[in-house]
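In our numbering, each residue's number is its place in the sequence shown (first place is 1) plus 114.
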Amino acid sequence: MGRCRLVVGILFLLSLSSLTEPLNAAELLIKFPTRERTKKFFKCLDQYYKLLSKKHSYHFLISCDANDVKMNNAKVKERFKKYDNLTVIYGERVGKIGACNRDMDLAPDFDIVLLASDDMWPYTQDYDDIIIQHMEKEFPDFDGVLNFADGHPKGSHVLNTYPILGKKYFNRFGFIYHPAYLSYFCDLELALVSRLYGKEAIVDIELLTHNNPAFTNEKDALYNFNQKLYHKDEQIFMEHLTNKFELDFLTLEQVDYLEFCKSKMDE
């Protein structure tokens with residue numbers, strides 16, 4: 115009788131566990147670097163939480179600079195404690211793109227990573243569910259990149275302005291954006307390289323709206339600082355493009371595509 119009760123008890127606990135588990139086992143990591151824009155950051159972060167479907171496991175990884183007094187203070191740290199499934203890491207300032215990649219070695223286990231920013235406004239309810247559904251449909255082994263709409267024309271190159279990477283694709287390079295860049299053109303390189311690998315899926319759904327200060331005319335000191343890096347990043351991109359991103363498997367058709375991209379850059 116005691117043994118029977120034990121078995122029944124275990125089955126009951128297992129049934130409870132299945133009820134409390136997310137509907138999907140995929141783990142979504144939302145990587146969110148930020149600097150100086152405290153009010154804008156928290157407004158955006160709250161929106162990310164508000165539009166979650168709560169159907170899936172998720173975790174926010176926030177990267178802040180230790181020397182950023184607007185984010186590294188007692189008031190902000192206390193506010194961070196109010197959020198579930200959130201880790202904030204303060205580290206050395208490494209620039210805009212460096213911050214996108216920084217701390218990924220400290221991230222919890224994930225299957226998919228979404229790169230968020232305070233100028234990408236969450237627009238669509240249940241964005242996490244949409245991301246996971248499309249990733250599992252297009253890249254069930256998580257070896258791919260999703261490129262969703264951002265509310266603006268992305269040009270002939272089809273930029274990937276808020277990249278969503280499967281874990282296997284991320285592991286291929288070990289970064290989200292190529293670390294050679296400081297601020298610009300990294301999204302273009304990511305889009306082109308993932309496309310050449312045959313690992314990109316373009317989805318015409320606007321999950322996030324790109325409220326770039328260039329569009330909203332809300333140009334602050336940080337935006338103006340990053341603007342100065344444009345030409346240096348352009349030079350880096352052209353070097354990478356000329357070297358075909360050091361990819362040795364390209365077909366003649368793919369090489370022609372890169373030549374087309376180069377011609378558009380020269381216009």
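Built from N, CA and C at the ideal position, the CB exists for glycine as well.
Keep in mind that this is a model prediction, so the values were computed, not measured.
Buried or exposed (CB count within 10 angstroms, at least 16 for buried), residue i
i	result
residue 365	exposed
residue 374	exposed
residue 202	buried
residue 139	exposed
residue 314	buried
residue 231	buried
residue 319	exposed
residue 274	buried
residue 222	exposed
residue 220	exposed
residue 148	buried
Bridge partners - residue i, DSSP secondary structure assignment
i	result
residue 145	175, 229
residue 372	In the DSSP output, where bridge partners are listed per residue, residue 372 has none listed.
residue 261	316
residue 234	324
residue 278	228, 260
Assigned secondary structure, residue i (DSSP; H/G/I helix, E/B strand, else coil)
i	result
residue 150	coil
residue 429	This structure cannot speak to residue 429, because the chain is shown only from 115 to 381.
residue 170	strand
residue 204	strand
residue 221	coil
residue 139	strand
residue 379	helix
residue 295	coil
Cutoff 6 angstroms; reference residue i; Cβ partners in own chain excluding five residues on either side
i	result
residue 184	150, 152
residue 266	324
residue 279	227, 259
Other residues of its chain near residue i: CB distance less than 8 angstroms, five sequence neighbours each side excluded
i	result
residue 358	364, 369, 372
residue 281	224, 225, 226, 227, 256
residue 156	193
residue 252	258, 260, 315
residue 186	178, 179, 180, 204
residue 172	141, 142, 143, 144, 166, 199, 242
Beta-carbon proximity list for residue i, same chain, < 7 angstroms, skipping 5 on both sides
i	result
residue 235	158, 161, 322, 323, 325
residue 207	179, 181
residue 343	296, 297, 298
Within-8 angstroms CB hit, residue i to chain B
i	result
residue 288	Absence of chain B from the displayed structure is noted, only one protein chain being present.
>> Across the stretch 284 to 302 and the stretch 346 to 366, are there enough close Cβ pairs to call them in contact, namely three or more that are closer than 8 angstroms?
In response: Taking 8 angstroms as the limit for Cβ pairs, the verdict is that the stretch 346 to 366 does touch the stretch 284 to 302.
>> Quick test of the definition: if touching needs 3 or more C-beta pairs under 8 angstroms, does the stretch 260 to 268 touch the stretch 181 to 196?
In response: Touching, no.
>> Would the stretch 210 to 221 count as touching the stretch 284 to 292 if we require 3 or more Cβ pairs under 8 angstroms?
In response: The stretch 210 to 221 vs the stretch 284 to 292: in contact.
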